[in-house]
Amino acid sequence: MKSVSLLVSCLLLGTVAYAAQTKPASPAAAKQSVATIAAGEYAGTWKATNESGGALRLKLKNESSTGWSGEASFTFDGANIPAKVTSIKVDGAKLELVFEWEIQGTPGKSRLSGEWKEGRLKGKYDSTPAEAAGEGTWELARA
Numbered sequence: 010m011k012s013v014s015l016l017v018s019c020l021l022l023g024t025v026a027y028a029a030q031t032k033p034a035s036p037a038a039a040k041q042s043v044a045t046i047a048a049g050e051y052a053g054t055w056k057a058t059n060e061s062g063g064a065l066r067l068k069l070k071n072e073s074s075t076g077w078s079g080e081a082s083f084t085f086d087g088a089n090i091p092a093k094v095t096s097i098k099v100d101g102a103k104l105e106l107v108f109e110w111e112i113q114g115t116p117g118k119s120r121l122s123g124e125w126k127e128g129r130l131k132g133k134y135d136s137t138p139a140e141a142a143g144e145g146t147w148e149l150a151r152a
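No gaps in the numbering here: position 22 of the sequence shown is 31 in my numbering, and each next residue is one more.
Structure, rendered in structure tokens:
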């Protein structure tokens, strides 16, 4: 009986020692996994500090040869506004995206910055149309 107890104790101790020596994933592997998760289609909402808001859609692609590309659109006063994505940066769980748009002949640009948390993309935005700047929050989930 003592030999069985000793054997079980040795096995448990060996398992604990092995687990303690196992290395976590490298930062590069963690970034790659987030980048892989980031690619896809997202739908959600944006909300300005003045309480206006609407729908927001993003499509993110990560091509090994060309890097990140994307498509974006949002609604404003009930109208769908297509946007041209000009910049996408992914750093770990953080995302920064810039897109240009035009509403009734007035050009503008929006910068979204946020991160992946609990399976969602969320963050803050600021916009710089010709007449006035705007800011607020946004939140997206996989479409």
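Virtual Cβ for every residue (Gly too), placed ideally from N, Cα, C. The structure displayed is predicted, hence computed values, not measured ones.
- The beta carbon of Lys68 is closer than 7 Å to those of Glu50, Gly79 and Glu80 in its chain, skipping five residues each way along the sequence.
- Contact check for Ser96 against Leu104 fails: the beta carbons are separated by 8 Å or more.
- Phe85 and Lys118 have their alpha carbons spaced roughly 14 Å apart.
- Counting the other CB atoms within 10 Å of its CB gives Ala47 a total of 16 or more, which places it among the buried residues.
- Within the region 63-96, the complete beta strand (DSSP E) segments of 3 residues or longer fall at 76-85, listed in chain order.
- Ser61: not part of any beta strand (DSSP E); DSSP gives it neither H nor E.
- A residue is called buried when at least 16 other Cβ atoms come within 10 angstroms of its Cβ; Ala92 meets this threshold and is buried.
- Annotation: the continuous beta strand (DSSP E) that includes Gly143 extends over Gly143 to Arg151.
- Under the three-state reduction of DSSP, Ala52 is assigned to strand.
- The distance from the Cβ of Ala57 to that of Gly128 is about 25 Å, inconsistent with a contact at the 8 Å cut-off.
- Contact between Trp125 and Gly53 fails: their C-beta atoms lie close to 13 Å from each other, not under 8 Å.
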